[in-house]
Structures are given as C-alpha cells and as structure tokens.
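There are 2 protein chains.
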Amino acid sequence: MLLLTSRDNPNIKNVVKLKKNARFRKQTGSFIAEGLRVCVDAMLSNAQIEALFVTNQALEKYAEQIDKLASYSVKSFTLAPELFELISDTETPQGVLCVIKTLDKTLQFGKINNGGKYLALDNVQDPSNLGTILRSAEAFGISGIILSSDCCDIYSPKVVRGSMGAIFRLPFMVCDSIRAFLEDNPQLDSYAAVVDSSADKITELSFCDSCVAIIGNEGNGIKKETLEACSHRFTIPMAGNAESLNASVAASIIIWEMIK
Amino acid sequence: MLLLTSRDNPNIKNVVKLKKNARFRKQTGSFIAEGLRVCVDAMLSNAQIEALFVTNQALEKYAEQIDKLASYSVKSFTLAPELFELISDTETPQGVLCVIKTLDKTLQFGKINNGGKYLALDNVQDPSNLGTILRSAEAFGISGIILSSDCCDIYSPKVVRGSMGAIFRLPFMVCDSIRAFLEDNPQLDSYAAVVDSSADKITELSFCDSCVAIIGNEGNGIKKETLEACSHRFTIPMAGNAESLNASVAASIIIWEMIK
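Sequences listed follow chains Y and H, in order.
Using the numbering used here, the first residue of the first sequence is number 1, and each one after it goes up by one.
Using the numbering used here, the first residue of the second sequence is number 1, and each one after it goes up by one.
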C-alpha cells in the first residue's frame with residue numbers, strides 16, 4: 001500500500017470532491033463508502049472498488065478484512081489520521097473508506113415485467129431518510145426502488161452509510177419522472193401515499209402482486225402530475241396530528257404493510 | 001423584551017449549559033426547546049416556559065405568535081443572530097428558543113391500572129431514535145412511555161426537536177429499571193422485542209388491552225434481567241439480514257402493530 005502524506009495529493013483531493021459534490025460523482029461515475037462493514041458489503045456485492053484508504057490504526061485492528069479489501073481494490077493507500085479526517089464524512093472516523101464505481105442496476109430491472117412489489121420516491125430530499133428507506137426496503141423484501149431524478153443523490157455519503165449496505169444489494173433506478181415511469185409500466189398497479197383522512201386506509205388495502213407504492217417529498221408530498229397518474233390513493237391512519245410521522249418511518253410502515 | 005448583548009450574560013450562559021449538560025438539566029429542573037412550532041406546542045400543552053429568546057428577525061417574521069409566547073413566558077429576551085447561534089442547537093437557527101420546566105407526568109400514569117398499551121425503552125441511547133419513537137408513539141396512540149434511567153436524557157435538545165412536540169403531550173415516566181416497573185405492574189402483559197428468528201412473529205401476536213412492549217438498546221438489545229421478567233418474546237420477521245432495521249423504524253413498526 002502506498003503511503004499518502006500530503007493533503008495536496010490528487011487522490012486525496014479526488015475523494016474530498018466526491019464526498020462533497022453530487023455533480024462530480026455523476027461526472028466521474030464514482031462515489032465513496034465509509035466504514036469497514038459497508039466497504040466489505042461493497043466487495044461481497046461485487047461492486048468495483050477503485051481505491052481503498054485506511055489509517056495504520058485501522059490496518060492493525062482489522063488486518064484480515066483490510067487485506068482482502070486491498071487485494072480486491074484497484075489501488076490502496078494508507079494515510080495518517082489527520083489526513084483521513086479530510087476525506088471522512090463522520091465525526092469519529094473508523095479509518096476505512098473506499099471509492100466505488102457507480103452501480104449499473106438497469107439489468108436487475110429487466111424482470112419488472114414479471115411483477116413484484118416496488119417503491120417509487122417522488123422528490124424525497126433528505127439523505128438520512130433515503131438511507132433508512134433503502135435499509136427498510138431490503139429488510140422487508142421490496143423488489144426494487146425507483147427514484148425521480150429530483151430526489152437527493154442516492155450516492156451521497158449519508159445515504160450510503162444510512163442504507164447499511166442495502167444500496168449494493170437492492171435493485172434501484174433513477175428515472176426522469178415517476179409519472180413517466182408509471183406510464184411506461186402499466187402492468188404495475190400504483191398506490192399513492194397521501195396525508196388525507198378521506199383516502200383509503202392502508203389497513204384496508206390489499207396490494208396486488210405487481211404493484212408500486214409512491215412516496216412523496218417530506219414537506220409537499222407527491223407531485224400533482226404524479227398523483228394524476230396513480231390508480232389508488234391511501235393514507236396511514238393516525239391518532240393525533242395527521243402530519244406527525246417521520247418520513248422514513250411512514251415509508252417503512254408502507255413497505256411493511258405492502259409485503260407482510 | 002430585554003435586549004441581551006453580551007455572551008457573558010448569565011441568561012445566555014444558563015441556556016448554553018442547559019443545551020450541553022444533562023446533569024445541569026436535572027439539577028435545575030429545566031430544559032430547552034428550539035423552533036417556533038415546538039415552543040408554541042409547549043405553550044398549548046401548558047408547560048411552564050421560564051424564558052423566551054428570539055432574534056429581531058424572528059420577531060418581525062412571526063410577530064403574532066411570538067407576542068403570545070412572550071406574554072405566556074416568565075421572562076423574554078431579544079438578541080442578535082450571532083448571540084443566538086451560541087444558544088442554538090441547529091445548523092440554521094430559526095431564532096426562537098425557550099427554557100421550560102421539566103414536565104411532571106407522574107399523575108398521568110395514575111390510570112395505568114385501568115389498562116392501556118405502553119412502550120418501555122430499556123437503555124435506548126440515541127437521541128434521534130428516542131425523538132422519533134416519541135413522535136410515532138403519539139401518532140399511533142400509545143398510552144404512555146416508560147424509560148429506564150440509563151436511556152439517553154429525554155430532555156436533550158435533539159429528543160425534544162425530533163419528537164415534534166410529542167414530548168409535551170405524551171405521558172412518560174423514567175424508572176430505575178424496566179424489570180422493577182414490570183414487577184410493580186403485573187396487570188400489564190409484557191412483550192419483549194428480540195432479534196431471534198425462533199421467537200413468535202409479531203404478525204401472529206395479538207396484543208391484549210393491558211400490555212407493554214419492551215424495546216432494547218440499539219446494539220445490545222434488552223438486558224437479560226429485563227428479558228427474564230417478560231411473559232412473551234416476539235420478533236419482526238425480515239427478508240434479508242436480521243439486524244437490518246433502523247432502531248426507530250423497528251420501534252415504530254412494533255407500535256403500529258400493537259395499536260392498529
């Protein structure tokens with residue numbers, strides 16, 4: 001492993017830019033994953049790891065796993081904790097980070113014609129919410145996730161970390177608009193989640209075997225044009241204030257009810 | 001309203017200490033709530049507001065509501081945005097914060113003998129999780145929350161904010177240990193949430209009208225001594241990795257299944 005000693009090293013600068021800049025992630029087709037577990041998850045899911053960065057402390061502590069990561073990765077570097085802090089996105093860095101090629105999941109969506117239960121996210125903005133939604137979707141067995149192009153970047157470090165590796169294992173695709181996706185996939189029955197006590201209660205629905213539930217923006221809900229293209233509207237009945245659920249909790253309850 | 005201009009003003013120093021220090025909150029019997037909505041929630045729930053702090057910008061923007069808050073509060077102060085940043089716990093402060101007397105909810109728990117569905121938290125550590133759990137508990141209509149004394153402080157600013165005001169409306173109590181609480185309340189049937197595929201599936205349970213579900217620590221689950229005092233064990237069935245749910249999502253699914 002090569003030792004990096006300068007903050008001006010182009011490899012370091014590249015990671016800092018990948019951490020902060022969604023457009024740069026898109027241009028270069030790479031993103032970062034931080035933490036031993038999520039890096040190992042990436043390897044086990046056959047993601048292409050372009051570079052591995054570890055501190056000597058991490059190298060000693062997790063020798064065996066880092067050895068495997070290093071031989072799997074195209075390049076690998078060690079660096080001092082002070083330099084690692086520059087590339088890290090966490091408050092107490094574990095000292096393991098890798099740069100990964102963005103994932104091509106188009107093929108996984110080929111089987112969408114055969115049915116399955118999908119989740120579509122219309123302009124979801126908070127990376128912590130998106131990460132948690134991916135995690136719940138995997139835990140409960142969603143077939144795949146569709147994101148509108150105006151959702152927050154699925155490759156942002158917070159999403160990757162919050163998903164606990166689900167980003168590597170779960171089929172997902174980004175499309176121009178959820179409305180266009182629904183029009184292209186009329187075989188899927190569509191259910192829009194709304195905050196409206198007159199809508200059908202989720203507890204009284206039965207989701208069919210080929211369906212998609214649509215979840216909207218944290219503040220403004222589903223776009224009007226998307227809503228018009230949905231066949232059903234439903235709501236999560238609540239005791240108190242109708243808007244009082246955390247967005248990732250609401251999404252997780254919906255996934256749970258779709259699947260169980 | 002009094003204008004505060006110095007960071008050495010004892011009122012400012014008091015808030016900074018309340019923000020950072022759980023022991024100081026306990027000693028003084030007060031805590032802080034930040035943001036217009038949560039401060040108004042406190043007032044509407046008849047909490048005792050000891051002091052209100054607002055920037056002039058907030059005063060102009062939310063004149064009517066801040067007037068009401070100011071006449072309800074014992075003391076009220078204006079201060080410059082630079083000073084407000086000192087007392088604020090958020091990245092982009094709204095400019096409204098109040099100091100509130102800790103809530104005495106003992107009385108609300110008097111009716112526990114008449115039944116109801118309760119949630120007990122055994123050493124839950126993350127303030128964001130606790131805030132979200134309170135929010136879900138209120139939304140779905142839980143009768144009350146019991147916290148072990150080693151949970152994170154319910155009055156920490158992150159919990160208050162994350163609860164979206166539920167902390168003011170939801171009955172809760174802190175007890176020495178969940179085991180002692182269960183032994184003191186044999187009228188409640190107790191259900192321990194565990195990660196164990198051989199436990200009863202939550203989907204196959206029926207929670208009776210007088211019951212309590214117990215949720216454990218994010219990493220280590222429920223304490224052994226607590227588990228021994230529970231009558232039932234149950235689990236949330238999952239498709240993938242058995243540990244792959246966010247703690248507040250798992251708690252919310254449990255609340256949802258208990259209540260619906």
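No residue lacks a Cβ here, since even glycine has one placed at the ideal position from N, Cα and C.
Whole-number beta carbon distance between residue j and residue i, since they are thought to touch under 8 Å
{"i": "Y:L182", "j": "Y:I145", "result": "The pair is not a contact, with the Cβ atoms about 15 Å apart (cut-off 8 Å)."}
{"i": "H:A193", "j": "H:I254", "result": "6 Å"}
{"i": "Y:C265", "j": "Y:S143", "result": "With chain Y covering 1 to 260 only, the question about residue 265 of chain Y has no answer from this structure."}
{"i": "Y:Q65", "j": "Y:E218", "result": "About 36 Å separates the two Cβ atoms, so there is no contact after all."}
{"i": "Y:C283", "j": "Y:L188", "result": "One cannot answer for residue 283 of chain Y here, as it falls past the ends of chain Y, which runs 1 to 260."}
{"i": "H:A166", "j": "H:A137", "result": "7 Å"}
{"i": "H:A51", "j": "H:V16", "result": "Not quite, the Cβ-Cβ distance comes to about 13 Å (not below 8 Å), so this is no contact."}
{"i": "H:S156", "j": "H:A47", "result": "About 16 Å; that fails the 8 Å criterion."}
{"i": "Y:A213", "j": "Y:L134", "result": "The pair is not a contact, with the Cβ atoms about 15 Å apart (cut-off 8 Å)."}
{"i": "Y:K19", "j": "Y:I87", "result": "7 Å"}
{"i": "Y:K61", "j": "H:T203", "result": "40 Å between Cβ atoms; not a contact."}
{"i": "H:S252", "j": "Y:S252", "result": "7 Å"}
Under 8 Å by beta carbon: chain H residues contacting residue i
{"i": "Y:A239", "result": "E138, A139, F140, G141, I259"}
{"i": "Y:S71", "result": "Neighbours of Y:S71 on chain H: none; closest Cβ ~25 Å, over 8 Å."}
Spatially closest choice to residue i from the options, by CA coordinates
{"i": "H:I49", "options": "H:G221, H:S71, H:Q187", "result": "H:S71"}
{"i": "H:L59", "options": "H:L79, H:Y191, H:K20", "result": "H:L79"}
{"i": "H:R233", "options": "H:D196, H:I259, H:A251, H:A250", "result": "H:D196"}
{"i": "H:D104", "options": "H:T5, H:F31, H:A139", "result": "H:F31"}
{"i": "H:V99", "options": "H:V40, H:T92, H:P81", "result": "H:V40"}
{"i": "Y:L83", "options": "Y:K101, Y:N56, Y:F109", "result": "Y:N56"}
{"i": "H:V159", "options": "H:F77, H:E34, H:L3, H:D8", "result": "H:E34"}
{"i": "H:V249", "options": "Y:L130, Y:L18, Y:Y62, Y:L3", "result": "Y:L130"}
{"i": "Y:S263", "options": "Y:N185, Y:K224, Y:P171, Y:D153", "result": "Because chain Y is modelled from 1 through 260, residue 263 of chain Y falls outside the range shown and cannot be assessed."}
{"i": "H:A141", "options": "H:D209, H:D184, H:G221", "result": "The question names Ala, yet the displayed sequence has Gly at residue 141 of chain H. Ranking the options by Cα distance to H:G141, first place goes to H:D209."}
{"i": "H:S177", "options": "H:S163, H:M164, H:I222", "result": "H:I222"}
{"i": "H:F53", "options": "H:N185, H:Y191, H:N11, H:K224", "result": "H:N11"}
{"i": "H:G29", "options": "H:A251, H:T102, H:R169", "result": "H:T102"}
{"i": "H:R25", "options": "H:T5, H:I154, H:E85", "result": "H:I154"}
{"i": "Y:L245", "options": "H:T90, H:S163, H:K117", "result": "H:S163"}
{"i": "Y:P127", "options": "Y:V96, Y:R161, Y:L97, Y:G110", "result": "Y:R161"}
{"i": "Y:Q27", "options": "Y:R37, Y:L36, Y:N14", "result": "Y:N14"}
{"i": "H:L36", "options": "H:M173, H:A251, H:L69", "result": "H:L69"}
{"i": "Y:V96", "options": "Y:Q108, Y:D67, Y:F109", "result": "Y:D67"}
{"i": "H:Q262", "options": "H:E85, H:M1, H:R169, H:A42", "result": "With chain H running from 1 to 260 in the structure shown, residue 262 of chain H is simply not present."}
{"i": "Y:M1", "options": "Y:M43, Y:A42, Y:F77, Y:V38", "result": "Y:F77"}
{"i": "Y:M173", "options": "Y:P186, Y:T235, Y:G110, Y:S190", "result": "Y:G110"}
{"i": "H:A139", "options": "Y:V38, Y:P237, Y:T5", "result": "Y:P237"}
Under 8 Å from the C-beta of residue i: neighbouring residues of chain Y
{"i": "H:N123", "result": "Those do not exist, as H:N123 stays about 21 Å from chain Y at its closest Cβ, beyond 8 Å."}
Closer than 7 Å at the beta carbon, the chain Y residues around residue i
{"i": "H:V249", "result": "T132, S136, S248, V249, S252"}
Buried or exposed by the 16-neighbour rule on C-beta atoms within 10 Å, applied to residue i
{"i": "Y:T132", "result": "buried"}
{"i": "H:A239", "result": "exposed"}
{"i": "H:P81", "result": "exposed"}
{"i": "H:C230", "result": "buried"}
{"i": "H:R7", "result": "exposed"}
{"i": "Y:S206", "result": "exposed"}
{"i": "H:E228", "result": "exposed"}
{"i": "Y:T226", "result": "buried"}
{"i": "H:L3", "result": "exposed"}
{"i": "Y:Q94", "result": "buried"}
{"i": "Y:G216", "result": "buried"}
{"i": "Y:A63", "result": "exposed"}
{"i": "H:E257", "result": "buried"}
{"i": "Y:K117", "result": "buried"}
{"i": "H:N114", "result": "exposed"}
{"i": "Y:N220", "result": "exposed"}
Check: residue i C-beta below 7 Å from any heavy atom of the ligand SAH
{"i": "Y:F53", "result": "Absence of the ligand SAH is noted for the structure shown, with no ligands found whatsoever."}
Chain-ordered chain H contacts of residue i [CB-CB under 7 Å]
{"i": "Y:M164", "result": "S244"}
Beta-carbon neighbours of residue i, restricted to chain Y and to distances below 9 Å
{"i": "H:T320", "result": "Nothing about residue 320 of chain H can be reported from this structure: the residues present for chain H run from 1 to 260 only."}
Short CB-CB distance (under 8 Å) between residue i and chain B
{"i": "Y:K158", "result": "Looking for chain B here will not work: the only protein chains present are Y and H."}
Which whole runs of the beta strand (DSSP E) in the stretch 32-81 of chain Y are 3 residues long or more, in chain order? You should have 49-54, 75-79.
Runs of alpha helix (DSSP H) wholly within the stretch 144-182 of chain H (minimum 4 residues, chain order): Secondary structure within the stretch 144-182 of chain H: the alpha helix (DSSP H) runs of 4 or more consecutive residues, fully enclosed, are 157-162, 166-169 (chain order).
List in chain order: all unbroken alpha helix (DSSP H) runs of 4+ residues lying wholly within the stretch 182-258 of chain H. Residue ranges of uninterrupted alpha helix (DSSP H) with 4 or more members, entirely inside the stretch 182-258 of chain H and ordered along the chain, are 224-228.
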